[in-house]
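If you're matching positions, the sequence shown starts at -11 in our numbering and goes up one per residue.
Only one structure is covered here, and it is reproduced in the block below.
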Amino acid sequence: MTPRRLAVKALMHQEQAGYANLVLDAELKKCVPPPDARDAAFAARIFYTVLEYLPLLDHLLDRFSKKPVHRLDPPVRAILRAGLAQARYMQVPLPAAVNESVRLTKAMGKTSAAGMVNAVLRRAAQEQVQEGDFPDPMERLATFHCLSRQVAQLLYTQYGQEAFALAASFRSRPATAIRVNTLRTADDTLAQALQAEGHRVLPGPWPHALLVDFRGSPAAGAAFARGEYHVQGLASQFAALCLQARPGQRVLDLCAAPGGKSLTLAQQMENTGELVSGEVVPGRVALIEKAFARCGVTCARAVQNDAAVRFDWGKFDRVLCDVPCSGLGVIAKKPDIRYKDLDGMENLCAVQRKILQNGADSLAESGRLVYSTCTVNHQENQAQVQWFLRQNPQFRLVPPPVTVPGMETGEYGTILLPHKTGTDGFFVAVLEKLLT
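Here you go:
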């Protein structure tokens, strides 16, 4: 199967709902023989580019199609979207994008639509479109910046004019950051090893963080196999570092999968003391255990546990509550979140409050708790901390011990906005329990 046909099949599947990465993986697994790495990568680029620009692609196609895009046959709709994405956003020459799309239309049994595909793609690919073409703020966010109406409304309500810069930042993925495994190597040693593997390496903003331009998968090299690092975004590292875990302490990481923060905590603990990493999904517990084994972590244990249900594992010196959230800070990495349905937000916030309270109840006196999310939604962030402090006067908010250029610290925590920090969108509140 050609990579273009593979991408189109995945796009048709995606219309039936599902997580984008799982949809694409499912289509890749159907291929016999499997596509080579180059073809699979090209198919993935088409697939994710279409998802990233979907409302804008449809807006352009609707200008030149006699029938609205949503009423076209699914294969034709997917072919048009894929072809336009290639021509406008993937630097594929227009003749190649058009000719391959026409060829694919015929191959998928839609010969009668081939002429329409040819004409519409040629005109839509050359049409000029600018942000200023959308004077209505909601239309600009929804169509030009490609967000669901609910996400657009939330961002505009909370951030006003800043919402446009925030939405624009979702087009730029943060640099790939890794955390040096100090249990097995040192920063300079790992940097040299990665450079020897052909990767470009730059220092991060604090010790043991590196920014790497990987040639291929970050998990494919010998240094990764030796457990000398794990991939962890700077915002996620920031949340873990704010806990200030120390050697010999008892540390609890609730909602720990996929395990990056737990690995950083274990390294801060110098593989001493006790780290308990909880995760509600049994299969993800196995992923955490695998990460511990690869990185030589022996002070930690991964356990299957629902953090929203009361538990009693004794008291801990440090507790990390990286709660499930809407994910509106990581849209650059997960384009399907752009079109998220925000119905049920109250239920999600209720779960977050339960986890935060359960984490606080497990904290020893003079201990430290970090509440974090990967969203920019005030309702899940500052409002939750405000509620918590009203319910728990024995806690106080303290400044984060490390800084990210561009971060904003307010009365109820610290927000990392991608257009200001160059990281994922993240929220972190550092809370300490006072002596009674």
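Glycine included, every Cβ here is placed at the ideal spot set by N, Cα and C.
Asked: Which of helix, strand or coil does DSSP assign to Asp241?; Found: strand
Asked: At what residue ranges does the segment 335 to 377 contain a whole run of the beta strand (DSSP E), taking only runs of 3 or more?; Found: 351 to 361
Asked: Taking the beta carbon of Ala281 as the centre, do at least 16 other beta carbons fall within 10 Å, making it buried, or is it exposed?; Found: exposed
Asked: So, for Met257: in the same chain, excluding its five sequence neighbours on each side, which residues have a beta-carbon less than 8 Å away from its beta-carbon?; Found: Ala233, Arg234, Pro235, Gly236, Gln237, Val239, Leu263 and Cys287
Asked: At what residue ranges does the segment 254 to 282 contain a whole run of the beta strand (DSSP E), taking only runs of 3 or more?; Found: 262 to 267
Asked: Taking the beta carbon of Ala295 as the centre, do at least 16 other beta carbons fall within 10 Å, making it buried, or is it exposed?; Found: buried
Asked: Going by other Cβ atoms of all chains shown within 10 Å of its Cβ, with 16 needed for buried, is His1 buried or exposed?; Found: buried
Asked: Helix, strand or coil for Arg59, going by three-state DSSP, please let me know.; Found: helix
Asked: Give the straight-line distance between the Cα atoms of Tyr147 and Gln345, rounded to the nearest whole angstrom.; Found: 28 Å
Asked: Taking contact to mean at least 3 C-beta pairs separated by less than 8 Å, is the segment 264 to 275 in contact with the segment 322 to 341?; Found: no
Asked: Could you tell me whether the segment 107 to 122 touches the segment 136 to 147, using the rule of 3 or more Cβ pairs below 8 Å?; Found: no
Asked: Determine which residues share a DSSP beta bridge with Val64 and list them.; Found: According to DSSP, Val64 bridges with nothing at all.
Asked: Check the C-beta distance from His187 over to Asp201 and give it rounded, since I have them as a contact under 8 Å.; Found: 6 Å
Asked: What three-state label does DSSP hand Leu422 in the structure shown?; Found: coil
Asked: Applying the 10 Å Cβ sphere with the 16-neighbour rule, what's the burial state of Gln255?; Found: buried
Asked: Note down, in chain order, each residue of its chain lying with its Cβ closer than 7 Å to the Cβ of Ala179, except the 5 sequence neighbours on either side.; Found: Val189 and Leu198
Asked: Quick check: what's the CA-CA separation for Ala(-2) versus Gly71?; Found: 14 Å
Asked: In whole angstroms, what is the alpha-carbon distance linking Pro43 and Glu150?; Found: 21 Å
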